[in-house]
Amino acid sequence: MLPARRNNQTWIPDFFNDFFDTAWMDRPKATAPAINVVETEKEYELELAAPGMTKEDFNVHIDEEGDLVINMEKKVDNKEHERKGHYLRREFSYTKFQQTMLLPEDAERESISAKVENGVLTVCIPKIRKVEPEKTRKTIEVK
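The numbering of the sequence shown is the working numbering, which starts it at 2 and goes up by one.
Spelled out as structure tokens, the structure:
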């Protein structure tokens, strides 16, 4: 299972990313949640680290192309609280994240489930069960 990357990108975004990713010019600090993917005999299990998030902060769905899309958005109430002074530094902010994952061929898309527990989003992706045909011996009459 891989993050989706579309082939319609041109050289321009890479050129600017390379230009701004140098020792003399800092890139903005952006982080993405850590993702683990575990495969068992019956399913794939995707774990996304999301401390402080609740199930209301997530939207997990299958897009038109059949890919798994995880949206995470945490809005912070920006009301000014009664304070004796003003903020010298404020790091509470708005958080938004989206990740598109290409699903494997054997993923049973209709049975995917998700839950949030202890700061971890867990997405269970069952595998399509392959029914093996019974092996029987059959004699064919030669005419």
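Ideal Cβ placement from N, Cα and C applies to all residues, glycine included.
Contacting residues, own chain, Cβ-Cβ under 6 Å from residue i (five flanking each side not counted)
i, result
"ILE36", "LEU49"
"HIS62", "VAL70"
"THR96", "LYS75"
"SER112", "PRO127"
"VAL39", "GLU46"
Backbone secondary structure at residue i - three-state DSSP
i, result
"LYS116", "strand"
"GLU57", "helix"
"ILE63", "strand"
Best match in the options for proximity to residue i [C-alpha to C-alpha]
i, options, result
"GLU109", "PRO52, ILE126 and LYS116", "ILE126"
"THR55", "GLU42, THR123 and THR41", "THR123"
"LYS116", "HIS87, GLU42 and ASN60", "ASN60"
"ALA51", "ASN72, GLU133 and ARG138", "ASN72"
"GLY67", "VAL132, PRO134, GLU133 and THR101", "THR101"
"ASN119", "GLU44, PRO34, LEU47 and GLY53", "GLY53"
"GLU65", "TYR45, LEU104, VAL38 and LEU47", "LEU104"
"GLU106", "VAL143, TYR45, PRO34 and GLU135", "TYR45"
"GLU42", "LYS144, ARG90, ARG130 and ALA33", "ARG130"
"ASP58", "VAL121, VAL39, ILE141 and LYS136", "VAL121"
Bridge-paired residues (DSSP) for residue i
i, result
"LEU122", "LEU49 and VAL117"
"GLU74", "LYS97"
"LYS128", "ALA108"
"GLU40", "TYR45"
Contacts around residue i, its chain only, beta-carbon distance under 8 Å, and the 5 residues preceding and following it disregarded
i, result
"TYR88", "none"
"GLN99", "VAL70, ILE71, ASN72 and MET73"
"ALA33", "PHE98 and GLN100"
The ligand ZN heavy atom lying under 7 Å from the CB of residue i
i, result
"ALA115", "Judged by which ligands are present, the structure shown has none, so any question about the ligand ZN falls away."
Test: residue i CB closer than 8 Å to a CB of chain D
i, result
"PRO105", "Reference to chain D is not applicable here, since this structure consists of a single protein chain."
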